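Trainee: Sharing a structure with you now.
Numbering (UniProt numbering), first residue to last: 1 to 144.
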């Protein structure tokens, strides 16, 4: 009788440990609104009140946002060692102010060149190219 209680207790503890280990890993990029603050070492300023931004949606591995003029969407892949890449993005084709179009073009190029990411501090996302250079910096916007 005493052995049965011990055996049941051990099995209960092991099953609890198993289910805790099955917990899904959270994606630190997902479900946050990221706005572009720096592109190739230069600060980014919103033109006409529109700022480049993106949002990652982990469930579907999709990314969507704005280049500052045009909306875009596509797929992303994140992996070991903070690997990150984007599929070719689909975007609307509207014209905008020259400064906004230049920033948008640079942002889209940075997304295409992204190979890794780093989170040097809470709420800051650095996108890195194949050489480890920071090509874009984004900050998370939190709503209260």
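Even glycine gets a Cβ: it sits at the ideal position worked out from N, Cα and C.
Quantities reported herein were computed from a predicted structural model and do not represent experimental measurements.
Over what stretch of residues does the beta strand (DSSP E) that includes residue 51 continue unbroken?
Mentor: On the chain shown, position 51 is the one that residue 51 refers to. Element bounds for residue 51: n/a, residue is neither H nor E.
Trainee: Could you give the first and the last residue of the continuous alpha helix (DSSP H) run that contains residue 103?
Mentor: For the purposes of this step, residue 103 is taken as residue 103 along the chain shown, with counting starting at 1. From DSSP, the alpha helix (DSSP H) with residue 103 extends over 98-113.
Trainee: To the nearest angstrom, how far is the alpha carbon of residue 122 from that of residue 32?
Mentor: As a first step, residue 122 must be located in the chain shown, where it is residue number 122. As a first step, residue 32 must be located in the chain shown, where it is residue number 32. Their backbone Cα atoms lie some 12 Å apart in a straight line.
Trainee: In its own chain, which residues sit with a C-beta less than 7 Å from the C-beta of residue 53, not counting the 5 before and 5 after it?
Mentor: Residue numbering aside, residue 53 sits at position 53 when the chain shown is read from its first letter. The answer, listed in chain order, is 33, 34, 35, 36, 65, 66.
Trainee: Residues bridged to residue 76 by DSSP?
Mentor: As a first step, residue 76 is located in the chain shown; it is residue number 76 there, counting from the start. In the DSSP output, where bridge partners are listed per residue, residue 76 has 86.
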